[in-house]
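Student: My structure is below; once you've seen it, I'll send some questions.
Shown next as structure tokens:
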């Protein structure tokens, strides 16, 4: 179980803007927890593919059966899927968000590969989703922001103060804001859809839940 660290109490500065991320140690632990299923999956795919390929070779050498060719093709496909999943995970890690700040004019991300993503509050393409869900065996919540404007940027963890400041900024700039709720009051999951007020088409990227409110 990951123990929550207190959110930073420092406010925004002229040079850095308002920080959105959880403390680095906690954020890294949560990220590793989310990556673990993908790591296990890619390993199993490669190992199973190798077993199938080895079995097909043995079958071909001993019996010369055409079944061996089908088994070999299946093994190659499994290995290819495992390698593709490994590539996706490496790409996600290179694009993970190391810094995220709110500015008066917009929001800015600095990725692990030193690339920068930014959007102004008046950008018609602005599209952010936030998912807040209770964590098992903990009173702390997971708060994930999804950068819908670039699918290569993985979701990243917000601090409690970062989420509160983001919601405050949404109201201040009169952005499109839709909230979805699901589950019991004590273990409720929430999702927030943030769009520019200039966004012409507003297709929902979140399935409507039990209740919904719009600012």
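Numbering (the working numbering), first residue to last: -8 to 206. Using N, Cα and C, we set each Cβ at its ideal position, and we do this for glycine too.
#1: Going by beta-carbon coordinates alone, are residue 149 and residue 11 separated by less than 9 angstroms?
#2: Mark residue 105 as exposed unless 16 or more other C-beta atoms lie within 10 angstroms of its C-beta, in which case mark it buried.
#3: Can you say whether residue 45 is buried or exposed, counting buried as having 16 or more other CB atoms within 10 angstroms of its CB?
#4: Look at the alpha carbon of residue 8 and the alpha carbon of residue 100, and state the distance between them as a whole number of angstroms.
#5: Mapping the DSSP letters down to three states, classify residue 93 as helix, strand or coil.
#6: Per DSSP, residue 185 forms a beta bridge with which residues?
#7: Write down the C-beta distance between residue 80 and residue 29 rounded to the nearest angstrom, noting that I regard them as a contact closer than 8 angstroms.
#8: Let me know if residue 98 comes out buried or exposed under the rule of 16 or more other beta-carbons within 10 Å of its beta-carbon.
#9: Helix, strand or coil for residue 81, going by three-state DSSP, please let me know.
#10: Counting pairs of Cβ atoms below 8 angstroms between the stretch 62 to 70 and the stretch 122 to 142, do you hit three or more?
#11: Ignore the nearest five residues each way along the sequence and tell me which others in residue 156's own chain have a CB closer than 7 angstroms to its CB.
#12: How many Å lie between residue 37 and residue 75 at the Cα?
#13: Relative to the alpha-carbon of residue 32, which residue among 77, 21, 49 has its alpha-carbon at the smallest distance?
#14: For residue 183 versus residue 170, is the C-beta spacing smaller than 9 angstroms?
#15: If you check the beta carbons only, do residue 83 and residue 145 fall under 9 angstroms apart?
#16: List the DSSP bridge partners of residue 105.
#17: Exposed or buried, what is residue 1 when buried is set at 16 or more other beta-carbons lying within 10 Å of its beta-carbon?
#18: Whose CA, out of 141, 56, 49, lies closest to the CA of residue 86?
#19: By how many angstroms is the C-alpha of residue 153 removed from the C-alpha of residue 178?
#20: Helix, strand or coil for residue 28, going by three-state DSSP, please let me know.
#21: Are residue 166 and residue 180 close, meaning C-beta to C-beta below 9 angstroms?
#22: For a test of the three-state rule: what should DSSP assign to residue 135, helix, strand or coil?
Tutor: Taking the geometry as given:
#1: yes
#2: exposed
#3: exposed
#4: 11 angstroms
#5: strand
#6: 119, 168
#7: 5 angstroms
#8: buried
#9: helix
#10: no
#11: 9, 93
#12: 10 angstroms
#13: 77
#14: yes
#15: yes
#16: Partner(s): none; residue 105 has no beta bridge.
#17: Unreliable placement is indicated for residue 1, whose pLDDT of 43 sits below 50; no coordinate value is reported for it.
#18: 141
#19: 21 angstroms
#20: helix
#21: no
#22: strand
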